[in-house]
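The structure appears right after this line, and notes come after that.
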Amino acid sequence: MIEVRDLTVRFGGVVPLDNMSVTMGVGTNGLIGPNGAGKTTFFNVLSGFVRPASGSVTAFGDDLLKMPDFKRVRWGLRRTFQTEQAIANLSVYENVLLVHEHSGAPPASRRDDVMQAVEFIGLGSKLNHAVGSLGAAERRLVEVARTVVGTPRLILLDEPAAGLPDDETAELGAIIMQIPERTGASVVLVDHDMTLVAVTCSHVTVLDFGIVIADGATGDVLNDPRVMQAYLGTEEVSA
Amino acid sequence: MTDITDRIDSTDRKGPDGAVAPNAAAARPVERSLDTRLPSIVTAASPGTVIALAVVLAAMLFAVPEVLGSFWLQVTFSAVVYSAVALGLGLLVGRAGMFSLCQVPLLAAGAWISLRIAALVDLPFPLLLLVTGLLTGLLGAVIGIPAIRLSGLYLALITLMAAGAITLLLKVFKFPNGGGGFWGFDKTVSSGAVALDRPSWVPSDVSFFRYTVVVVALLFLLVGWHIKGKPGRAWASIRQSQVTAVAAGVDTTLYKLWAFALSAFVTGVAGALLAAGPGGVSVNQFPVEQSIVLLAVVLMGGVYNIWGALVAGFLLRVLPQLLDQKLGLDPEILTILFGIGVMQVLLTAPGGIVGDLTKLGKKIVGLFTRRSSTPSTPSTPSTPAPTDTAAAA
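Protein sequence lines correspond, in order, to chains A and B.
Heads up, the first sequence is in my numbering, so the first residue is 14 and it goes up one at a time.
Heads up, the second sequence is in my numbering, so the first residue is 7 and it goes up one at a time.
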């Protein structure tokens, strides 16, 4: 459960987030909007990379913005990046282990936890392969494994399907759908692939120029004429 | 300089076990013998690496002191000590992606600290090494503070300033020679080389050479243990990018300073060994520009492989003497050769000399295995390197 109240971010004269207020519950929440709508900025505020001008973010009763950036992982925040950021020089095992080691999870179950996360994304056979030697889809899966290991509470997925062909996006979607049940975490998914969003998300929020223009159950929001307009006005719907 | 690491990063994407882009056919047998042990120095050490290490260690302990005369033994001693310094710099550059041009002054600081402590209290030699390392490590962490915010060229410049400051202090106050006060320098005693007392059971140059080899081997183990453990993974994330590291929960301030501290610890211990070595230490032995040459040879040796440090030690200390004594050439030409060497590394071989030899070794092994049609073992990459260093020493 995340409550965002009047969140505003300013970069000089640009206002990527303007009085954003939204409540996201358990399960998978979609966050959509045209390019430049403020989706990644919102993730960067939650991660601590961007300091908001005003507003508050309360997650499971804790003030997220008060925590130092790296300590948010220990609290239970996980994220992936638009340009995939799994560590190329480390193996799949080490990539997932890295997050577990710094997440405050008990060391006793470290090996089992990491193995389960790797099995979850189906890369068990490539456990000791360097991530740099894997394909794009596999590297994205490694990022997903990093988000589910330990005890995550809030998982941010930033365009996990970007650049993937349809069949691989479908496989990724099947995995993403299992995350809330598996981990108990709230998941926020940003993606331009409307099929992926429709399949995985129960709730969708639409941002346009930093303002929430629609918010509600997935079916209702995706058929909202204002949403159609925002999308069709700037770019084609990719689904 | 950021560009340099980027360049290296993009081409050196091989796993910790040295395996490069495994093909689909090779993936099958791997699955059967999947190693699910938590990655550490133990899982990373292939039988080949262990054997190679043992061979190099045995050669240094038994063959080298027998074969070499006192002059070349002194040169080799210096190469062994400087390989520890190269190890420390390689750790910073290759693992954490940070540049330092302050390693040679830290070596001098290590020598100074050991001499000063030895004049104040009577510690057993191993304990003296440890305390010297810890104090130098602290100094290194202080020098590394700018790394919290800076990287690349700017960080290198700041560390170069720190190097200038340490060198200046050393020029003014010299090495302790039994005087009083904080600096322990007595002006009335004729200045020159100062030597640290060796442990009583290794009094000769030969026995102290063996002692040094063992200590440096332990330093390599210490660094290897870090690289393959939790700190090494944290450093790898920092090297990829600050944002990636933070998103993985890594306390980047802590791990950056830790890298500087460990690097300085290793360098400080090396300084104490140098002070107790043949001829002791003198102020002119540690010019600031030596740090730049050190960075060049460390890049040439290879920063992604622990063997690179041995090659760097050889290039820095043995090669100039070989040119001078055996070929009658002016060692100054090495500055040009190292320049060409660094360009070659940056343009074509980011893995350095060790990386090149590894590829060559793989090709040779590939030829044999194709004939006998068995899959190549992962232990092969590191084997060609030690034969080179052993032959060189």
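A virtual CB, placed ideally from N, CA and C, is assigned to each residue, including glycine.
The structure presented is a predicted model; accordingly, all values stated were derived computationally and were not measured.
Are residue 158(A) and residue 136(A) closer than 9 Å when you measure CB to CB?
Counting from 1 along the first sequence, the entry for residue 158(A) is found at position 145. Counting from 1 along the first sequence, the entry for residue 136(A) is found at position 123. Yes, Cβ-Cβ distance for residue 158(A) and residue 136(A) is below 9 Å.
Looking only at its own chain, which residues have a Cβ that is under 8 Å from the Cβ of residue 86(B), when we skip the five neighbours before and after it?
Translated into positions along the second sequence, residue 86(B) becomes position 80. 66, 215, 218, 219, 222, 319, listed in sequence order.
Neighbour-count burial assignment, residue 91(A), 16 or more Cβ in a 10 Å radius:
Against the first sequence, residue 91(A) aligns to sequence position 78. It counts as buried.
Residues in its own chain within less than 6 Å of residue 337(B) by CB, not counting five upstream and five downstream?
Here residue 337(B) refers to the residue found at position 331 when the second sequence is read from its first residue. Contacts found: 326, 329, 330.
Just to confirm the assignment, what range does the alpha helix (DSSP H) spanning residue 230(A) have?
Looking up residue 230(A) in the first sequence gives position 217. Taken as a continuous stretch (DSSP letters only), residue 230(A) belongs to no alpha helix (DSSP H), being part of the beta strand (DSSP E) at 224-230.
Less than 8 Å between C-beta atoms, sequence neighbours within five positions excluded: which residues of the same chain meet that for residue 212(B)?
Translated into the one-based positions of the second sequence, residue 212(B) becomes position 206. Excluding positions up to five away in sequence, the list reads 71, 79.
For residue 23(A), which three-state DSSP category applies?
The residue you call residue 23(A) lines up with position 10 of the first sequence. In this structure, residue 23(A) counts as strand in the three-state DSSP scheme.
With burial defined as no fewer than 16 other Cβ atoms inside 10 Å of the residue's Cβ, what is the status of residue 193(B): buried or exposed?
If you number the second sequence from 1, residue 193(B) lands on position 187. Label assigned to residue 193(B): exposed.
First through last residue of the alpha helix (DSSP H) which encompasses residue 89(B)
Taking the first residue of the second sequence as position 1, residue 89(B) is located at position 83. Residue 89(B) -> alpha helix (DSSP H) spans 76-96.
If distances are taken between C-alpha atoms only, which option among 95(A), 62(A), 94(A), 93(A) comes closest to residue 79(A)?
Taking the first residue of the first sequence as position 1, residue 79(A) is located at position 66. Among 95(A), 62(A), 94(A), 93(A), the Cα nearest to that of residue 79(A) is on 62(A).
Along the segment 221-240 of chain B, where does the CB come closer than 8 Å to a CB of chain A? Name the residues.
So the list reads 236, 239, 240, given in the order they occur along the chain.
Considering only the alpha carbon of each residue, which of 334(B), 353(B), 294(B) lies closest to residue 168(B)?
Indexing the second sequence from 1 puts residue 168(B) at position 162. Nearest of 334(B), 353(B), 294(B) to residue 168(B), Cα basis: 294(B).
Can you pull the chain A residues whose beta carbon is under 9 Å from the beta carbon of residue 40(B), in chain order?
The count along the second sequence starts at 1 and reaches residue 40(B) at position 34. Result: 137, 138, 140, 141.
According to DSSP, what are the bridge partners of residue 125(A)?
Mapped onto the first sequence, residue 125(A) falls at position 112. Looking at the DSSP assignment, residue 125(A) forms no beta bridge with any residue, so it has no partner.
If I follow the unbroken beta strand (DSSP E) through residue 115(B), where does it start and stop?
By 1-based counting over the second sequence, the position of residue 115(B) is 109. Premise fails: residue 115(B) lies in the alpha helix (DSSP H), 109-126, not in any beta strand (DSSP E).
Nearest to residue 223(A) (by Cα), restricted to the options 20(A), 14(A), 15(A)
Here residue 223(A) is taken as the residue at index 210 of the first sequence, counted from 1. It is 20(A).
For residue 174(B), the nearest candidate out of 75(B), 322(B), 290(B) (CA to CA)
For the purposes of this step, residue 174(B) is taken as the residue at position 168 of the second sequence. The shortest Cα separation from residue 174(B) among 75(B), 322(B), 290(B) belongs to 290(B).
What does a CB cutoff of less than 7 Å around residue 109(B) pick up in its chain, not counting 5 residues either side in sequence?
Residue mapping note: residue 109(B) aligns to position 103 of the second sequence, counting from 1. Excluding residues within five positions, the ones whose Cβ falls inside 7 Å are 91, 94, 95, 273, 297, 300.
Per DSSP, what are the beta-bridge partners of residue 37(A) in this structure?
For this step, residue 37(A) is matched to residue 24 along the first sequence. Paired residues: 15(A).
On the three-pair Cβ rule with 8 Å, is the segment 119-138 of chain A touching the segment 87-101 of chain A?
no
Comparing C-alpha positions only, which one of 311(B), 287(B), 361(B), 45(B) sits nearest to residue 111(B)?
The residue given as residue 111(B) occupies position 105 in the second sequence. Residue 287(B) is the option with its Cα nearest to residue 111(B).
Counting along the chain, where does the beta strand (DSSP E) carrying residue 223(B) start and finish?
As a working mapping, residue 223(B) is identified with position 217 in the second sequence. Run containing residue 223(B): none in the beta strand (DSSP E); it sits in the alpha helix (DSSP H), 211-233.
Using only the alpha-carbon positions, how far apart do residue 131(B) and residue 177(B) sit?
Counted from its first residue, the second sequence places residue 131(B) at position 125. Counted from its first residue, the second sequence places residue 177(B) at position 171. Cα to Cα, the separation comes out at about 27 Å.
Outcome for residue 77(B) when other beta-carbon atoms lying within 10 angstroms are tallied against a minimum of 16
On the second sequence, residue 77(B) is found 71 positions in, with the first residue counted as 1. It counts as exposed.
Give a yes or no on whether the C-beta atoms belonging to residue 50(B) and residue 230(B) are separated by under 9 Å.
Indexing the second sequence from 1 puts residue 50(B) at position 44. Indexing the second sequence from 1 puts residue 230(B) at position 224. Yes, the pair counts as a contact, with Cβ atoms nearer than the cut-off.
Pop quiz: residue 110(A) and residue 228(B) are said to be a contact at Cβ under 8 Å. What is the actual Cβ separation, rounded to whole angstroms?
Within the first sequence, residue 110(A) is the residue found at index 97, counting from 1. Within the second sequence, residue 228(B) is the residue found at index 222, counting from 1. About 21 Å separates the two Cβ atoms, so there is no contact after all.
Considering only C-alpha positions, which residue in the set 201(A), 52(A), 28(A), 104(A) is nearest to residue 40(A)?
In the first sequence, counting from the first residue as 1, residue 40(A) sits at position 27. The shortest C-alpha separation from residue 40(A) is found at 201(A).
Check whether the Cβ of residue 116(A) lies closer than 9 Å to any Cβ atom in chain B.
Locating residue 116(A) in the first sequence gives position 103, where the first residue counts as 1. At least one chain B Cβ lies under 9 Å of residue 116(A).
Residue closest to residue 248(B), alpha-carbon to alpha-carbon, out of 154(B), 237(B), 303(B)
Indexing the second sequence from 1 puts residue 248(B) at position 242. The shortest C-alpha separation from residue 248(B) is found at 154(B).
DSSP on residue 70(A), reduced to helix/strand/coil?
Your numbering for residue 70(A) matches position 57 in the first sequence. Of the three classes helix, strand and coil, the one that applies to residue 70(A) here is strand, per DSSP.
Own chain, CB closer than 8 Å to residue 98(B), minus 5 neighbours either side, in chain order:
To locate residue 98(B), count along the second sequence from 1; it is residue 92. Excluding residues within five positions, the ones whose Cβ falls inside 8 Å are 104, 105, 106, 265, 266, 269.
Check the Cβ of residue 45(B) against every Cβ in chain A and list those closer than 9 Å, keeping chain order.
As a position in the second sequence, residue 45(B) is number 39, starting the count at 1. Going along chain A in sequence order, the residues near residue 45(B) (Cβ under 9 Å) are 103, 104, 106, 107, 110, 141.
Determine whether the Cβ of residue 257(B) lies closer than 9 Å to any Cβ atom of chain A.
Position 251 of the second sequence holds residue 257(B). For residue 257(B), the answer is yes, since a Cβ of chain A falls inside 9 Å of its Cβ.
Determine, using beta carbons only, whether residue 331(B) comes closer than 9 Å to chain A.
Indexing the second sequence from 1 puts residue 331(B) at position 325. Not an interface residue.
Does residue 198(B) pass the burial test, meaning 16 or more other C-beta atoms within 10 Å, or should it be called exposed?
On the second sequence, residue 198(B) is found 192 positions in, with the first residue counted as 1. Under this definition residue 198(B) is an exposed residue.
If residue 167(A) sits next to residue 199(A), beta carbons under 8 Å apart, how far is it from one beta carbon to the other, in whole angstroms?
Mapped onto the first sequence, residue 167(A) falls at position 154. Mapped onto the first sequence, residue 199(A) falls at position 186. Between residue 199(A) and residue 167(A) the Cβ distance is about 5 Å, and since that is below 8 Å, they are a contact.
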